[in-house]
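In the working numbering, the protein residues as written are 1409 to 1648.
In structure tokens, the structure reads:
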């Protein structure tokens, strides 16, 4: 053997597979996956059904129940109607019924008498221009605005509150065609606020309705045709 051949035998390169497995113990080959699955199926045979159930008892019960949202809405409407019928002892619901063409609208002058307390309360009267009417069943409310000592004052009343003893319409709306008159806060010159006090004084001094009034005692409604209370609003404010 020549020197060149000896050198090649000592420094023969080792393959990468042999280098990675060098110094490690070889593990015995595992059984095939099919054999392991068959062993598991044999050991648990009879405990797992062949087919899964299509529906569970819980899902069938949930499908037969009505939706909670729809059920709560129906209950709320029925309860609201019952409350309105209970507190509508004097027919005040007709004043705000949308089916009534003579109902109280925004722009009317209304006088409301209420108690400060249910036990020892005294009647307090406030009159003003209706700037909004909120129709919402038992939560129906009306907001009045007036000027007291050159200061704007607003009062919001719950229509069906037992603390309200009287609601009188001193003058219906005849100028505005909008459901909300919040723009009167920034434009008070559109209303002759002094006429509100004049109507209140006239109502207080007269035991019988004035000429031009038609009085309904049950609902406390005064329908008046008389002096114009409002300045004509701008053209862009006359539409709904």
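Note that beta-carbon positions come from the ideal geometry of N, C-alpha and C, so glycine has one too.
All figures in this text were calculated on a predicted structure; none of them were measured in a lab.
Cα-Cα separation, residue i to residue j
i, j, result
"residue 1558", "residue 1483", "47 Å"
"residue 1511", "residue 1579", "12 Å"
"residue 1555", "residue 1481", "41 Å"
"residue 1549", "residue 1530", "21 Å"
"residue 1587", "residue 1543", "11 Å"
"residue 1502", "residue 1488", "16 Å"
"residue 1485", "residue 1538", "27 Å"
"residue 1518", "residue 1608", "9 Å"
"residue 1560", "residue 1527", "30 Å"
"residue 1581", "residue 1516", "4 Å"
"residue 1604", "residue 1508", "24 Å"
"residue 1596", "residue 1583", "15 Å"
Helix, strand or coil at residue i [DSSP, three-state]
i, result
"residue 1578", "strand"
"residue 1495", "helix"
"residue 1568", "coil"
"residue 1594", "coil"
"residue 1583", "coil"
Residue from the options whose Cα sits closest to the Cα of residue i
i, options, result
"residue 1567", "1527, 1493, 1504", "1504"
"residue 1514", "1589, 1543, 1603", "1589"
"residue 1569", "1532, 1495, 1535", "1495"
"residue 1523", "1493, 1534, 1572, 1540", "1572"
"residue 1574", "1490, 1545, 1499, 1553", "1499"
Boundaries (first-last residue) of the beta strand (DSSP E) holding residue i
i, result
"residue 1551", "1549-1556"
The alpha helix (DSSP H) enclosing residue i, as first and last residue numbers
i, result
"residue 1605", "1602-1613"
Within-7 Å CB hit, residue i to chain C
i, result
"residue 1586", "Any reference to chain C falls outside this structure, which holds one protein chain only."
Start-end ranges of the alpha helix (DSSP H) lying completely within the segment 1511-1536, minimum 4 residues: none
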